[in-house]
Amino acid sequence: MMKPKLGRMFLATCVGSFFILILYFQNNSRSGTEPLLARTRLPGKSRRSPLQTLYDGDQTDQLAVQATLQGRRELLETACRTHTRKRRVLTPEDLRHLIVDDQHSLLYCYVPKVACTNWKRVMMVLTGAGRYRDPLAIPANEAHVAGRLRSLAEYPPAEINRRLRSYLKFIFVREPFERLVSAYRNKFTRSYNTAFHKRYGTKIVRRHRADPRPEALERGSDVSFEEFVYYLVDPRTQREEPFNEHWERVHSLCHPCLIHYDVVGKYETLEEDSSYILKLAGADGEVQFPATSRGTRTTGDMAAKFFSNISPFYQKKLYNLYRMDFLLFNYSVPAYLKLR
508 MMKPKLGRMF LATCVGSFFI LILYFQNNSR SGTEPLLART RLPGKSRRSP LQTLYDGDQT
568 DQLAVQATLQ GRRELLETAC RTHTRKRRVL TPEDLRHLIV DDQHSLLYCY VPKVACTNWK
628 RVMMVLTGAG RYRDPLAIPA NEAHVAGRLR SLAEYPPAEI NRRLRSYLKF IFVREPFERL
688 VSAYRNKFTR SYNTAFHKRY GTKIVRRHRA DPRPEALERG SDVSFEEFVY YLVDPRTQRE
748 EPFNEHWERV HSLCHPCLIH YDVVGKYETL EEDSSYILKL AGADGEVQFP ATSRGTRTTG
808 DMAAKFFSNI SPFYQKKLYN LYRMDFLLFN YSVPAYLKLR
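As numbered in the numbering used here, residues 508 to 847 make up the sequence shown, in order.
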C-alpha cells in the first residue's frame, strides 16, 4: 500500500449510520505536505488552498503570527499524546459544530462564548454568494438559525473525509473559567433569556436551593453563580443529558485530539488571529472580522470576583471538570483558585 506523505490522513468506513475515521499522524513538513495537497484541491480551483498557504510558510509579513500558531499546534499535539490514552471513532454528532465553507476550503468549529456569533456572521458572508456583505448587518439571532450554515455532519462519509484532509481547520478557544463566567452572565443574569431560565434555571433552583420560593421554582430567573457551579459538578447533571453547548468543554465540542486543527485561535488575540485566517483564505478583501466591544467582556478580574464565593472544595471539583481544556490549550491555573 502506498503511504502518503501528508501529515494527516483520514480513511472512512461506513458502519450503519456511523463512520469510522482512522488517523495517521506524520511530520507536518513543507516537503511532505505539498504533493498530496495539490491532488486534493477541489476541481476547478487554480488558487492555492488556505492549507497550502499556511504550511508553505512564505508569508514574510506574518512570521510572528505563524510562529505563535505553530507553537499552539505543537503544544496541543503534545498535550493530546500526554493526557489522552484511548482513541475512539468519530460519529456525525461529533462534527455538528464544524461549519463548512466550500468556496474558501475552510472548516470552522464554533465554540459558544468565544466570538462565535461574529465568526458565524463572517462565514455567512463568505458562503452567501454575495447575499451578505457586512457581518454586523446580520442580526445575531439570524446567525444562529439552524440551516443558515452547513455543518460537516451533513455530508456523506467520503465527502467528510475529503474536507477533513484538504481544508483548513480552525478553532477559537478561551480561558475556560472566563468563558464559563461569560456563559453564566449571559444566560442567567439577562432578563430576556427566559428560555434558559425555564429550561435550566428552574431545575437548578429545585435541586440546589434550600426552601426556594414558588416564584423562583416557576421562573428560574435568579440563579446564583454558586448554584450554577453546584449544578455543573453534580454527577446527576451529565448522567441525565449532555452539557449545554454554552458551558460544554471545548474538547467535547470540537474533539481536538481526534481532529487535527491547523489554526488554534485564541480569544485573547481574537482580531489578530481572525485577520490571519481570512488572509490565508484569500478572503481579507471580501470581509473584515468585526471589531468587538471590550466594555462588556468577561475578564480574569471579573471571573475572580465570581469565584470568590466558591469554596475551595467546589473550586477543585470544577477545575477537574474543565481540566482538559486548561491543559490542551495551555492555560494556567487561575491565581484566584484555592486548589490546595
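Backbone N, C-alpha and C fix where the C-beta goes; we use that ideal spot for every residue, glycine too.
Nonlocal neighbours in the same chain, by C-beta distance under 6 Å from residue i, ignoring five residues either side
i, result
"Ala849", "The structure shown does not extend to residue 849, since the chain spans only 508 to 847, so no value can be given for it."
"Tyr821", "Val736"
"Pro797", "Asn625, Pro642 and Leu643"
"Lys824", "Val740"
"Ala811", "Tyr843"
"Ala586", "Leu834 and Leu835"
"Lys593", "none"
Cβ shell of residue i (< 8 Å), same chain only, five flanking positions each side left out
i, result
"Phe813", "Val688, Tyr691 and Phe732"
"His715", "Glu734, Tyr737, Tyr738 and Asp741"
"Gly802", "none"
"Leu614", "Leu605, Ile606, Val607, Asp608, Leu659, Arg670, Leu671, Tyr674, Leu675, Lys676 and Phe677"
"Leu633", "Asp608, Gln610, His611, Leu613, Ala788, Ala790, Glu793 and Val794"
"Tyr768", "Arg580, Leu583, Cys616, Lys676, Phe677, Ile678 and Cys761"
"Ile817", "Phe732, Glu733, Val736 and Leu825"
Start-to-end residues for the beta strand (DSSP E) that takes in residue i
i, result
"Cys761", "No beta strand (DSSP E) contains Cys761, which is instead part of the alpha helix (DSSP H) from Val757 to Cys761."
"Phe836", "Taken as a continuous stretch (DSSP letters only), Phe836 belongs to no beta strand (DSSP E), as it is neither H nor E."
Sequence-distant residues of its chain with Cβ nearer than 7 Å to residue i (five each side left out)
i, result
"Arg847", "none"
"Ala650", "Thr624, Lys627, Arg628 and Met631"
"Met809", "Val688"
"Val572", "Glu779 and Tyr783"
"Pro557", "His611, Ser612, Leu613, Leu675, Leu787 and Ala788"
Residue i, enclosing alpha helix (DSSP H) - first and last residue
i, result
"Val712", "Thr709 to His715"
"Ile667", "Pro664 to Ser673"
"Arg640", "Careful: Arg640 lies outside any alpha helix (DSSP H) and carries neither H nor E."
"Pro557", "Pro557 to Asp563"
"Lys705", "Here Lys705 belongs to no alpha helix (DSSP H), and DSSP marks it neither H nor E."
"Ala723", "Pro721 to Arg726"
"Ser689", "Pro683 to Phe695"
"Asn816", "Unbroken run through Asn816: none, as it is neither H nor E."
"Ala650", "Ala647 to Ala650"
"Val736", "Phe732 to Val740"
Spatial distance of residue i from residue j (CA atoms)
i, j, result
"Ala574", "Glu581", "11 Å"
"Pro763", "Leu583", "8 Å"
"Asp832", "Val840", "11 Å"
"Leu834", "Ala647", "31 Å"
"Phe532", "Ile766", "Because Phe532 carries a pLDDT of 34, less than 50, the predicted location of this residue cannot be relied on, and no value is offered for it."
"Lys694", "His704", "8 Å"
"Thr589", "Tyr662", "32 Å"
"Gly635", "Pro721", "48 Å"
"Val629", "Asp718", "47 Å"
"Tyr838", "Thr560", "28 Å"
"Thr776", "Arg555", "26 Å"
"Pro749", "Leu760", "11 Å"
"Tyr826", "Asp729", "24 Å"
"Arg595", "Glu752", "21 Å"
"Asp791", "Ser781", "10 Å"
"Arg830", "Thr709", "28 Å"
"Val621", "Gln577", "21 Å"
"Arg713", "Thr696", "18 Å"
"Ile711", "Thr744", "10 Å"
"Ser698", "Gly727", "11 Å"
"Arg686", "Glu666", "33 Å"
"Val618", "Glu779", "18 Å"
"Thr591", "Lys773", "22 Å"
"Val770", "Thr799", "21 Å"
"Thr806", "Ser815", "14 Å"
"Leu724", "Tyr783", "48 Å"
"Phe684", "Val757", "12 Å"
"Lys845", "Leu828", "15 Å"
"Leu570", "Arg804", "29 Å"
"Pro819", "Tyr639", "49 Å"
"Val652", "Tyr707", "21 Å"
"Glu747", "Ile645", "36 Å"
"Thr701", "Trp754", "17 Å"
"Asn668", "Gly637", "28 Å"
The ligand NAP heavy atom lying under 7 Å from the CB of residue i
i, result
"Arg670", "Ligands displayed in this structure: none; no statement on the ligand NAP is therefore possible."
Open item on the list: Ignoring anything shorter than 3 residues, give me the beta strand (DSSP E) runs that lie fully in the region 746-798, in order along the chain.
Closed with: Here the runs fully enclosed are 770-773.
Task: contact_flag[the region 675-682, the region 649-660] where n(CB pairs < 8 Å) is 3 or more - done: Contact between the region 675-682 and the region 649-660 is absent, because fewer than three Cβ pairs lie under 8 Å.
Open item on the list: Runs of 4 residues minimum, wholly inside the region 581-634: which ones carry the alpha helix (DSSP H) assignment?
Closed with: Taking only runs of at least 4 residues, the alpha helix (DSSP H) segments lying wholly in the region 581-634 are 623-634.
Task: Cβ pair count under 8 Å reaching 3, the region 553-572 against the region 770-790 - done: Segments in contact, yes.
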